[in-house]
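Q: Respectively, the protein sequence lines represent chains A, B, C and D. Just so we're aligned, residue 1 is where the first sequence starts under our numbering, counting upward by one. Just so we're aligned, residue 116 is where the second sequence starts under our numbering, counting upward by one. Just so we're aligned, residue 231 is where the third sequence starts under our numbering, counting upward by one. Just so we're aligned, residue 346 is where the fourth sequence starts under our numbering, counting upward by one. Glycine included, each C-beta is placed from N, C-alpha and C at the ideal position. For clarity, every value in this text was computed on a predicted model and none was experimentally measured.
Number of protein chains: 4
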Amino acid sequence: MSDATTPVAAHKDAIRAFAAARGWEPYHTPKNLVMALASEVGELCEVFRWLTPDESRAAPADPRLREAIADELADVANIVFLLSAHTGIDLSDAIRAKLVKNAVKYPPPAGPGGE
Amino acid sequence: MSDATTPVAAHKDAIRAFAAARGWEPYHTPKNLVMALASEVGELCEVFRWLTPDESRAAPADPRLREAIADELADVANIVFLLSAHTGIDLSDAIRAKLVKNAVKYPPPAGPGGE
Amino acid sequence: MSDATTPVAAHKDAIRAFAAARGWEPYHTPKNLVMALASEVGELCEVFRWLTPDESRAAPADPRLREAIADELADVANIVFLLSAHTGIDLSDAIRAKLVKNAVKYPPPAGPGGE
Amino acid sequence: MSDATTPVAAHKDAIRAFAAARGWEPYHTPKNLVMALASEVGELCEVFRWLTPDESRAAPADPRLREAIADELADVANIVFLLSAHTGIDLSDAIRAKLVKNAVKYPPPAGPGGE
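1. If we define contact as Cβ-Cβ less than 9 Å, is N102(A) a contact residue for chain D?
2. Hey, E297(C) and E273(C) are a contact pair by Cβ (cut 8 Å); roughly how many whole angstroms apart?
3. Count the other CB atoms, across all protein chains shown, that sit within 10 Å of the CB of V116(A); report buried if there are 16 or more and exposed otherwise.
4. Can you tell me whether DSSP reads I360(D) as helix, strand or coil?
5. K178(B) lies in the alpha helix (DSSP H); which residues open and close that run?
6. Can you give me the C-alpha to C-alpha distance between L281(C) and P293(C), rounded to a whole angstrom?
7. Taking 8 Å as the limit between beta carbons, can you name the residues of its chain near D435(D), skipping five residues before and five after?
8. Out of curiosity, what's the CA-to-CA distance linking E25(A) and N308(C)?
9. V191(B) and L180(B) - do their beta-carbons sit closer together than 9 Å?
10. Of the residues V195(B), A225(B) and P224(B), which one's Cα is nearest the Cα of H143(B)?
11. Where do the N-terminal and C-terminal ends of the alpha helix (DSSP H) with G42(A) fall, by residue?
12. Give the secondary structure of P237(C) by DSSP, where H, G and I count as helix, E and B as strand, and everything else as coil.
13. Grab me the residues of L148(B)'s own chain with a C-beta within less than 7 Å of its C-beta, minus the 5 sequence neighbours each way, in chain order.
14. Inspect the beta-carbon positions of V363(C) and H356(D) and report whether they are closer than 9 Å.
15. Closest by CA to I130(B), which one among K105(A), I95(A) and V104(A)?
16. Just to make sure I have the definition right: I need the residues of chain D whose C-beta is within less than 7 Å of the C-beta of G42(A). Which are they?
17. Alpha helix (DSSP H) containing L166(B): first to last residue?
18. Between the region 371–382 of chain D and chain B, which residues of the former have a C-beta closer than 7 Å to a C-beta of the latter?
19. For the putative contact between A174(B) and A97(A), defined by C-beta atoms under 8 Å, what is the C-beta separation to the nearest angstrom?
20. R252(C) to S232(C), Cα distance in whole Å?
21. Could you have a look at A20(A) and say whether DSSP puts it in helix, strand or coil?
22. What does R394(D) touch in chain A if you count any residue whose Cβ is under 7 Å from its own?
23. Classify T350(D): buried if its beta carbon has 16 or more other beta carbons within 10 angstroms, exposed otherwise.
24. Whole angstroms are fine: how far does the CA of R394(D) sit from the CA of P168(B)?
25. I want to see whether chain C comes within less than 9 Å of E230(B), judged by CB atoms only; does it?
26. Measure from the C-beta of P109(A) to each C-beta in chain C and report whether the shortest distance is under 9 Å.
27. Under a Cβ-count criterion, where at least 16 other Cβ atoms within 10 Å of its own Cβ denotes burial, should P337(C) be classed as buried or exposed?
28. What residue range does the alpha helix (DSSP H) around D208(B) cover?
29. Find the residues of chain A that neighbour T282(C), judging by a C-beta separation of less than 7 Å, and give them in chain order.
30. Would you call K261(C) buried or exposed, if buried means 16 or more other Cβ atoms sit within 10 Å of its Cβ?
31. Just to make sure I have the definition right: I need the residues of chain A whose C-beta is within less than 8 Å of the C-beta of K127(B). Which are they?
32. DSSP on A403(D), reduced to helix/strand/coil?
33. Taking only the alpha-carbon atoms, compute the straight-line gap between S504(D) and A304(C) and give it to the nearest angstrom.
This is how it looks when you write it as C-alpha cells:
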C-alpha cells in the first residue's frame with residue numbers, strides 16, 4: 001500500500017539521484033529518455049505478446065510473471081519520472097490538465113435519470 | 116509543484132474512476148493496457164523523432180511542444196497507473212525493489228577516497 | 231500478388247528516392263529512423279489495442295480497418311527499408327543469417343517417426 | 346546484394362514455414378504479431394537509445410553493433426512479413442498505395458526552374 005503514502009516527487013528525486021550517482025545525466029536528453037521508454041515498454045510487450053486475454057488477467061497471480069511485470073513496470077515508471085524531472089513538466093499537473101481535455105473528448109454517458 | 120504533494124495512489128484512483136465512469140474497464144486487461152502503452156509511447160516518439168539532442172533539450176521551452184509533451188506524458192503515466200491498479204502491483208514497492216536490483220547491477224563508482 | 235514479383239531492393243530504392251526528393255535524408259540517421267519506427271508501430275498498436283483475438287483476426291475483412299492496417303504496415307515497412315538502405319545492411323542477408331540462429335535456438339519438434 | 350534479387354514473397358513464405366514447423370501459427374493473430382513487433386522494435390531502441398547522431402551513423406561500421414542491428418532488423422522485418430501473410434495484405438500493394446497518399450500530403454518542392 002506504499003502508493004498510498006509516496007508522493008510522485010519522491011520517486012522523481014530517487015531516480016534522479018540514482019542516475020546522477022552513476023554519471024548518467026548527460027545521456028538523459030528528453031529524446032534519449034523517450035527512446036529508452038520505448039525500449040522498456042517493448043520488454044513489457046515481450047511478457048504479454050502471446051497471452052490470451054484470460055492469461056493476461058491471470059499473469060499477476062503467477063509469481064515468476066508477477067516479478068517480471070513488476071520489474072518492467074518499475075523501469076517504465078522510472079523513465080516517466082526522469083522525463084518529468086528533465087523537462088520540468090510536473091506530472092500531476094499534466095495529468096489533471098489532460099483529464100480535463102479527455103473529459104470533454106469522452107463525456108461520461110448520461111445517468112439513468114436521462115441527464 | 117503538485118508532484119510534491121500528490122501520492123501515486125491519488126492518480127491511480129482518479130484514472131480508474133475516469134475509466135469506470137465510461138464503462139472502459141472490460142477492455143483494460145493487462146495485455147490491452149500494455150499495447151495501449153506502446154501506442155502512447157509511439158506518440159511521444161513522434162514528437163521527438165527528428166530532433167537533435169539540443170533541440171530535444173530545448174523542446175520543453177517551446178509552448179506548443181511543451182503542451183504536446185505534457186499531454187503524451189500524462190497519457191503514458193495514466194496507463195502505467197492503470198496497469199498498477201489492474202495487476203495489483205504497488206508501483207512504489209516495485210520501484211524500490213527494482214532500484215535494489217539495479218544498484219547491484221550498476222554499482223555507483225568509487226568515491227574520490229578510493230572506497 | 232505484387233509481393234511475388236517485387237524484389238526488396240525495389241522498395242528500398244523507391245522510398246529513398248521519395249525521401250531524397252523532399253530533402254529528408256539529413257534527418258534519416260539510424261537512430262532517428264528507429265525512433266520513427268517506434269512511432270509507426272505505435273499507430274498499429276492503436277488499431278489493435280482493444281480488440282479481442284477474434285476481432286483482430288477479423289479486422290482485415292473490414293474495409294475501414296483493412297485500409298488503416300495496410301497504411302500503417304506500409305509506413306512500418308518503409309522505415310525498415312530506409313534503415314536497411316542507410317545502414318548498408320542487406321535485409322535479405324540479415325534475415326537468412328537470423329533464421330539460422332533462430333533454427334538453433336528453437337529447433338523444430340521431432341517428426342512422427344520419433345527422431 | 347541479395348535484396349536486389351529476393352522478392353518480398355520469398356521472405357513471407359520462409360518465415361511462415363519456419364513458424365508453421367514449430368506450431369506457432371495459433372499464436373500469430375494480427376494483434377499478437379503487432380505486440381511482438383513493438384517488442385522487437387524495443388530491442389532496436391535499446392541499441393540506439395544513448396547514441397549521439399554521429400555515433401548512430403557510425404554504428405553499422407562497428408562489427409558487434411552491426412550484428413546486433415542486423416539481427417533486430419531481421420526480427421522486425423520477419424514480423425512485418427508475418428503480418429502481411431496473416432492479414433492477406435500484399436505489402437508491395439500497400440506500400441504503393443501509401444506512397445500515392447504521401448505524395449499528396451508531402452508534395453516534392455518545386456524545381457529550380459520554378460515549376
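A: Put simply:
1. no
2. Wrong, their Cβ atoms sit about 13 Å apart, outside the cutoff.
3. Because chain A is modelled from 1 through 115, residue 116(A) falls outside the range shown and cannot be assessed.
4. helix
5. Looking at the sequence itself, residue 178(B) is Pro, so the reference to Lys does not match. From DSSP, the alpha helix (DSSP H) with P178(B) extends over P178 to T202.
6. If I take the Cα positions, the gap works out to 16 Å.
7. S429
8. 34 Å
9. no
10. V195(B)
11. P30 to F48
12. strand
13. I194, L197, L198 and H201
14. The structure shown does not extend to residue 363(C), since chain C spans only 231 to 345, so no value can be given for it.
15. I95(A)
16. A383, S384, V386, G387, E388 and C390
17. L166(B) -> no alpha helix (DSSP H), and no H or E assigned at all.
18. The residues in question are M380.
19. With a contact defined as Cβ atoms closer than 8 Å, A174(B) and A97(A) miss out at about 17 Å.
20. When rounded, the separation of the alpha-carbon atoms in R252(C) and S232(C) is 26 Å.
21. helix
22. N32, M35, A36 and S39
23. exposed
24. 12 Å
25. Low per-residue confidence applies at E230(B): pLDDT is 42, beneath 50, and the placement is therefore not dependable, though the value from the model is reported in the following sentence. So, not an interface residue.
26. For P109(A), not one C-beta of chain C is nearer than 9 Å to its own C-beta.
27. exposed
28. L206 to K220
29. P53
30. buried
31. D3
32. helix
33. Any question about residue 504(D) goes unanswered here, given that chain D covers just 346 to 460.
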